[in-house]
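Visitor: Read in the UniProt record's numbering, the sequence shown has 234 at position 234, and its numbers run on one by one without any break.
C-beta: ideal position from N, C-alpha, C; glycine also.
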Amino acid sequence: MKKVIVVGANGFLGRELCKKLASKGIAVVALVAKGGDYSFAKSLHNVNCIEFDLSRIVDWDGIEEIKGADTMFYMAWAGVSSTYKNQVEIQVSNILYGIQVMEFAHRNGISRVIFPGSASEYACGNEVINGRSIPSPSDLYSASKVATKFLCQTYARQNGISLIWAVITSIYGPGRNDENLITYCIKTLLKGEKPSFTGLEQQWDYLYIDDLIDALVAVGEKGIGGKTYPIGSGENKQIVEYVKIIRDMIDPTLPLGIGDIPYKNKTIDNQILDISELNEDTGFTARYSFESGIKLTIDYYKNAIK
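1. Could you pull the start and end residues of the beta strand (DSSP E) that Leu254 belongs to?
2. Name the residue from Asp70, Ala33, Ile275, Val88 whose alpha carbon lies nearest to the alpha carbon of Ile110.
3. Alpha carbon to alpha carbon, how far is Ala218 from Glu89?
4. Roughly how many angstroms separate the alpha carbons of Asp61 and Gln100, rounded to a whole number?
5. For Phe40, count neighbouring C-beta atoms within 10 Å of its own C-beta (all shown protein chains included) and say buried if the count is 16 or more, exposed if not.
6. Can the beta-carbon of Val240 be found less than 8 Å from the beta-carbon of Glu201?
7. Based on DSSP bridge pairs, tell me the residues matched to Gly117.
8. In the DSSP assignment, what are the bridge partners of Trp204?
9. Roughly how many angstroms separate the alpha carbons of Ile171 and Val58, rounded to a whole number?
10. Pick helix, strand or coil for Lys3, following the three-state DSSP scheme.
11. Helix or strand or just coil, what does DSSP make of Phe197?
12. Looking at C-beta atoms only, is the number of pairs between the stretch 277 to 289 and the stretch 225 to 243 that lie closer than 8 Å three or more?
13. Please say whether Pro195 and Leu256 have beta carbons closer to each other than 8 Å?
14. First and last residue of the beta strand (DSSP E) that includes Met72?
15. Enumerate, from N- to C-terminal direction, the unbroken alpha helix (DSSP H) stretches of 4 or more residues contained entirely within the stretch 28 to 85.
16. Taking just the CA atoms, how far does Asn270 sit from Asn126?
17. If you follow the alpha helix (DSSP H) that Tyr300 is in, where does it begin and where does it stop?
18. Can Asn180 and Ser144 be called in contact, C-beta distance under 8 Å?
19. Please state the DSSP three-state secondary structure of Ile134.
20. Distance, Cα to Cα, Glu65 vs Val29?
21. With distance defined between alpha-carbon atoms, name the residue in Thr148, Pro262, Ile161 nearest to Phe197.
22. How far does the alpha helix (DSSP H) with Tyr229 in it reach, from first residue to last?
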């Protein structure tokens with residue numbers, strides 16, 4: 001990778017990816033959502049920030065800075081929050097945006113494209129997720145990911161583009177500020193309050209943000225086109241165990257509301273990833289244990305809450 005386009009560069013993942021690529025001396029064209037905050041890029045060398053409109057992908061052809069790019073990470077996706085995950089118009093638009101991004105890559109000689117998929121594409125399968133698992137999405141968000149994957153893979157084969165689909169597990173770390181389970185748990189406990197949960201019996205794989213970025217860069221550099229790579233830590237335990245680790249680091253005397261909330265479904269979904277193929281092809285292994293990563297994350301929120 002010599003010149004890389006990162007679409008959605010001012011999101012949590014895109015921002016950290018730009019920082020990592022720039023630190024490796026790779027020229028980065030950071031496409032950032034109009035009106036979004038991209039002050040993170042001011043101190044970075046080799047990063048050009050360009051505002052973009054996802055509904056006008058055809059206009060990207062006129063961006064002079066994209067000329068000569070060899071790789072693109074498509075980190076933009078509409079309707080990620082739970083509020084919008086089952087809104088039909090938003091999720092169907094994501095499918096169209098995905099194929100339009102592939103057409104953009106083809107028109108501009110971009111030979112390698114990496115899409116961030118989600119482990120939620122396999123939420124109802126309840127089996128270990130590998131590169132050949134059968135999708136079983138549980139909502140329209142994950143269903144749109146599956147549809148986009150198959151359409152874009154077909155387009156890539158027809159037009160000689162090396163497309164890699166990264167199936168990403170649940171990510172945590174400094175800078176993630178949406179109300180996911182880990183963030184909610186940390187913020188609530190730091191206030192000295194009791195967080196409420198379901199029974200948290202699911203077997204789950206959590207990955208620290210820096211490890212995810214290392215994996216994405218490794219896939220960009222060494223991944224094999226056409227493959228689907230699950231990206232996780234390669235370890236799993238019941239979510240209740242992760243929550244207890246967080247509580248014990250903050251204050252072991254605080255109560256946990258395990259079981260306060262009933263399960264929405266009768267089945268318990270697990271998220272266990274097989275990353276052996278990722279390791280074999282790219283050499284990736286996670287550097288952070290959950291304990292070391294969550295300590296850094298707790299410290300971040302302690303400072304943020306002050």
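Guide: Walking through what the data contain:
1. Within the sequence shown, the letter at position 254 stands for residue 254. Leu254: not part of any beta strand (DSSP E); DSSP gives it neither H nor E.
2. Translated into positions along the sequence shown, residue 110 becomes position 110. Comparing Cα positions, the closest option is Asp70.
3. Residue mapping note: residue 218 aligns to position 218 of the sequence shown, counting from 1. Residue mapping note: residue 89 aligns to position 89 of the sequence shown, counting from 1. One C-alpha to the other measures close to 34 Å.
4. Looking up residue 61 in the sequence shown gives position 61. Looking up residue 100 in the sequence shown gives position 100. Just so you know, the alpha carbons of Asp61 and Gln100 end up roughly 12 Å apart.
5. For the purposes of this step, residue 40 is taken as residue 40 along the sequence shown, with counting starting at 1. Buried, because 16 or more other Cβ atoms sit within 10 Å of the Cβ of Phe40.
6. The sequence position of residue 240 within the sequence shown is 240, counting from 1. The sequence position of residue 201 within the sequence shown is 201, counting from 1. Yes; because the gap between Cβ atoms is below 8 Å, this pair is in contact.
7. On the sequence shown, position 117 is the one that residue 117 refers to. Partner(s): Val167.
8. Working through the sequence shown from its first residue, we reach residue 204 at position 204. In DSSP, Trp204 forms a bridge with Lys237, Gln271.
9. Taking the sequence shown and counting its residues from 1, the one referred to as residue 171 is at position 171. Taking the sequence shown and counting its residues from 1, the one referred to as residue 58 is at position 58. Note on geometry: alpha-carbon atoms of Ile171 and Val58 lie some 32 Å from one another.
10. Mapped onto the sequence shown, residue 3 falls at position 3. DSSP places Lys3 within a strand segment (E or B) once states are collapsed to three.
11. On the sequence shown, residue 197 is found 197 positions in, with the first residue counted as 1. It is coil, neither helix nor strand.
12. The stretch 277 to 289, when compared against the stretch 225 to 243, does touch it at the 8 Å Cβ threshold.
13. Walking along the sequence shown from the start, residue 256 turns up at place 256. Walking along the sequence shown from the start, residue 195 turns up at place 195. In this structure, the beta-carbon distance from Leu256 to Pro195 falls below 8 Å.
14. The residue labelled residue 72 in the question sits at position 72 within the sequence shown. Looking at the DSSP string, the run of the beta strand (DSSP E) that includes Met72 is 71 to 74.
15. Within the stretch 28 to 85, no alpha helix (DSSP H) run of at least 4 residues lies entirely inside it.
16. Residue 126 sits at position 126 when you count from the first residue of the sequence shown. Residue 270 sits at position 270 when you count from the first residue of the sequence shown. One Cα belongs to Asn126, the other to Asn270, and the distance between them is close to 6 Å.
17. The residue you call residue 300 lines up with position 300 of the sequence shown. Start and end: 290 to 305.
18. Within the sequence shown, residue 180 is the residue found at index 180, counting from 1. Within the sequence shown, residue 144 is the residue found at index 144, counting from 1. No. Outside cutoff.
19. Locating residue 134 in the sequence shown gives position 134, counting from the first residue. If DSSP states are grouped into helix, strand and coil, Ile134 belongs with coil.
20. Taking the sequence shown and counting its residues from 1, one reaches residue 65 at position 65. Taking the sequence shown and counting its residues from 1, one reaches residue 29 at position 29. A straight-line Cα-Cα distance of about 7 Å links Glu65 and Val29.
21. Residue numbering aside, residue 197 sits at position 197 when the sequence shown is read from its first letter. Among Thr148, Pro262, Ile161, the Cα nearest to that of Phe197 is on Pro262.
22. Along the sequence shown, read from residue 1 onward, the residue named residue 229 stands at position 229. That residue, Tyr229, is in no alpha helix (DSSP H); its beta strand (DSSP E) goes 228 to 231.
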